[in-house]
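Trainee:
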Amino acid sequence: MAPNNHSRKGKKAWRKNIDATEVEAFIEEETTKERRGPAADTLADDQLFFVDTSADKEEAKAVQEGKQRKRKLEAKPLRALEIIERAHKAKKVIDSLPIKPVNNLTSRRNSSSSSVSLKSLKKLSALSTRSDADLRDLWADVPVDPKFEIVNEIRPPKRPCRPVSSTNKVKAVEVDAAGCSYNPDFEQHQDALATVVAKEMNKILKAELYPVKAIPFMVPSDGKSVSELDQYLEDLGGDEEDENELEEEEEGVKGVEGEGSEAVGSGSNKNPKLPKKKTKKDRLRDERRRAEEAVGAQKRALKKQRKDVENIKELLKEVVEEEAAQKVRLERKQADVAEKEAYAPPKLGKHKFQPRTPTVLTSDELTGGCLRRLSASPMGMADRFKSLQHRGLLEPRVKVGKTKSVKIVYEKNARREKAEAGQAEIREMQQKTKELRKKIKKDQEKLTDSFY
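Following this line, the structure appears as structure tokens:
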């Protein structure tokens, strides 16, 4: 608290010494109480807790409706149970319709006397009259009737016929010939070289003697397609044709004066000679000749038949020898085929298996047994690959080369130049036709003048 205000003297000093800590602490405590509320330990239980009974009536009603719906669903039976109950309630299926009574005396008597039907009576009478001879004991040791053997016969299932695949006898690692070694014997080395050279020569001869591709067609400047053989023959006979053309031109120049006189008689020389018509005498002669030839052929056939009958022993001997030789050839062929198939891979694709060529050192590459001077062979992977193909574990492949795409080159103003060249050619042809017409007209006038 401030001191009593008894004097105005020293007011400034008094203001400086005012102590406001108690006021500030009180204000801060009040603000914290307002913010926090009263302390829990100072309040009673009724002030701390309360029971909320003001529930919303609409929410309570919705909850009640949901519970009622749930109870209804629980009370309703399942669809499957309804179907089963409906099936039990269905009417029974009637096996047979009731027999209507027949309006006659016999039926009334039978129905009155007994309740057994006529059909059952007939069956009972047939069974009573049946003898024991018709009965057959199934378990008795009696011979089987042949008509029951077909029923008891067990036939094996008919399997489809498939070609029997030959077993491949190719080894996983094939050992080359002795001549392929790094230090072979001279004769063995020469044999290995001979086999390699023979294979290469066989390839060259096949390529030369058996061409796969057809003869290519050459298209000359005039646009007509000509084969290579025809072009070669044309080149050979070109000189003779040129000489003949020169001779014809010279004769044409010399014969210009006598052209009119030769034109009249030229038509008769060009007509070919027709075959002469046969007369009746010629036809009869040909018919007699044909009949004589037929009789002669029949006589020769009979003569040959008699000769064969006389020499039937020799013919039989020749037939037996020929059959034996044919059998030997067939057996040899079958053995060769079986041997090839035993070491041939199965056909897995469209390409044929090409065996690898054995690596044989030439005479210059032989080092005399020194392994240090021997050149390395990097063909291990290729050897394994060929071995897998030979054993039928991989499909034979062919190396596919790169295909070059056709480059299209566009020339500038080429279309206009081609059009101009074509137009010039058309004009030249028109000019030539005009000159030819004039020449033909002049020749016709000369012919008419010479004729009259």
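So the sequence shown is residues 530 to 981, counted in this note's numbering. Positions of the beta carbon are idealized from the N, C-alpha and C atoms, including for glycine.
Taking the alpha-carbon positions, what's the E737 to E729 distance?
Mentor: One C-alpha to the other measures close to 13 angstroms.
Trainee: Quick check: what's the CA-CA separation for T962 versus D815?
Mentor: Each residue's Cα considered, the two are about 58 angstroms apart.
Trainee: Does the region 933-951 come into contact with the region 895-903, if we say contact requires no fewer than three beta-carbon pairs (one atom in each stretch) closer than 8 angstroms?
Mentor: The region 933-951, when compared against the region 895-903, does not touch it at the 8 angstroms Cβ threshold.
Trainee: Using C-beta distances below 8 angstroms, list every residue in its chain close to V793, excluding the 5 sequence neighbours before and after it, in chain order.
Mentor: Interpretation of V793 is limited by its pLDDT of 43, a score under 50 that renders its predicted location unreliable; no figure is taken from the coordinates.
Trainee: Between which two residues does the alpha helix (DSSP H) holding G825 run?
Mentor: Element bounds for G825: 809-839.
Trainee: How many angstroms separate the CA atom of Q597 from the CA atom of E558?
Mentor: Going by the C-alpha atoms only, they are around 57 angstroms apart.
Trainee: On the CB-based measure, 16 or more other CB atoms within 10 Å of its CB, does G708 come out buried or exposed?
Mentor: Counting Cβ neighbours within 10 Å, G708 comes out buried, since at least 16 surround it.
Trainee: Can you name, in chain order, every residue of its own chain whose Cβ lies under 6 angstroms from the Cβ of P875, other than the five neighbours on each side?
Mentor: The answer, listed in chain order, is G921.
Trainee: If Y739 sits next to L890, beta carbons under 8 angstroms apart, how far is it from one beta carbon to the other, in whole angstroms?
Mentor: Not a contact, Cβ separation roughly 32 angstroms.
Trainee: For R608, report the span of its alpha helix (DSSP H) as first-last.
Mentor: From DSSP, the alpha helix (DSSP H) with R608 extends over 608-618.
Trainee: What's the C-alpha gap between E821 and L844?
Mentor: Rounded to the nearest angstrom, the two C-alpha atoms are 31 angstroms apart.
Trainee: Starting from V726 and walking both ways along the alpha helix (DSSP H), at which residues does that stretch end?
Mentor: Start and end: 715-738.
Trainee: Let's see if you can read the secondary structure: which residues bound the alpha helix (DSSP H) around S904?
Mentor: That residue, S904, is in no alpha helix (DSSP H); it is neither H nor E in DSSP.
Trainee: For A721, count neighbouring Cβ atoms within 10 angstroms of its own Cβ and tell me buried if that reaches 16, exposed if not.
Mentor: By the neighbour-count rule (16 or more Cβ atoms within 10 Å), A721 is buried.
Trainee: For K879 and D837, what's the separation of their Cα atoms in angstroms?
Mentor: Cα to Cα, K879 sits roughly 53 angstroms from D837.
Trainee: Does DSSP put K869 in a helix, in a strand, or in coil?
Mentor: Three-state DSSP puts K869 in a helix.
Trainee: My output table needs one value for A568: the three-state DSSP class, helix, strand or coil.
Mentor: Residue state, collapsed to three classes: coil.
Trainee: For K881, I'd like the list of residues in its chain whose CB is within less than 7 angstroms of its CB, leaving aside the five on either flank, ordered along the chain.
Mentor: Contacts found: P925.
Trainee: Once you ignore the five residues that flank V927 on each side, which residues in its own chain have a CB closer than 6 angstroms to its CB?
Mentor: Result list for V927: H880, in chain order.
Trainee: Compute the minimum distance between the beta carbon of K971 and the heavy atoms of the ligand PLP, and state whether it is under 7 angstroms.
Mentor: This structure simply doesn't include the ligand PLP, nor any ligand for that matter.
Trainee: Compare the beta carbon distance of S916 and A701 with 8 angstroms and say whether it is the shorter of the two.
Mentor: Going by C-beta atoms, S916 is nearer than 8 angstroms to A701.
Trainee: How big is the Cα-Cα spacing for L803 and K810?
Mentor: Distance between the alpha carbons of L803 and K810 is about 20 angstroms.
Trainee: Which same chain residues end up closer than 8 angstroms to E974 when comparing Cβ atoms and leaving out the 5 residues on each side of it in sequence?
Mentor: Hits under 8 angstroms: none found.
Trainee: Give the DSSP-derived three-state secondary structure of H919 in the structure shown.
Mentor: Three-state DSSP puts H919 in a helix.
Trainee: When burial is assigned at 16 or more other CB atoms within 10 Å of the CB, is H617 buried or exposed?
Mentor: So H617 ends up on the exposed side.
Trainee: Check each candidate in E894, A873, P713 and name the one with the smallest Cα separation from P884.
Mentor: Minimum Cα distance to P884 is reached at A873.
Trainee: How is V785 classed by DSSP in three states: helix, strand or coil?
Mentor: Caution applies to V785, whose pLDDT of 44 falls short of 50 and renders its modelled position unreliable; the value that the coordinates give is listed next. Of the three classes helix, strand and coil, the one that applies to V785 here is coil, per DSSP.
Trainee: Out of curiosity, what's the CA-to-CA distance linking S979 and K970?
Mentor: Cα to Cα, S979 sits roughly 14 angstroms from K970.
Trainee: DSSP three-state call for L976: helix, strand or coil?
Mentor: DSSP places L976 in helix when its eight states are reduced to three.
Trainee: Between which two residues does the alpha helix (DSSP H) holding L890 run?
Mentor: No alpha helix (DSSP H) contains L890, which DSSP labels as neither H nor E.
Trainee: According to DSSP, is Q952 part of a helix, a strand, or is it coil?
Mentor: In the structure shown, Q952 sits in a helix (DSSP, three-state: H, G or I).
Trainee: Under three-state DSSP, which class holds F579?
Mentor: Three-state DSSP puts F579 in coil, outside helix and strand.
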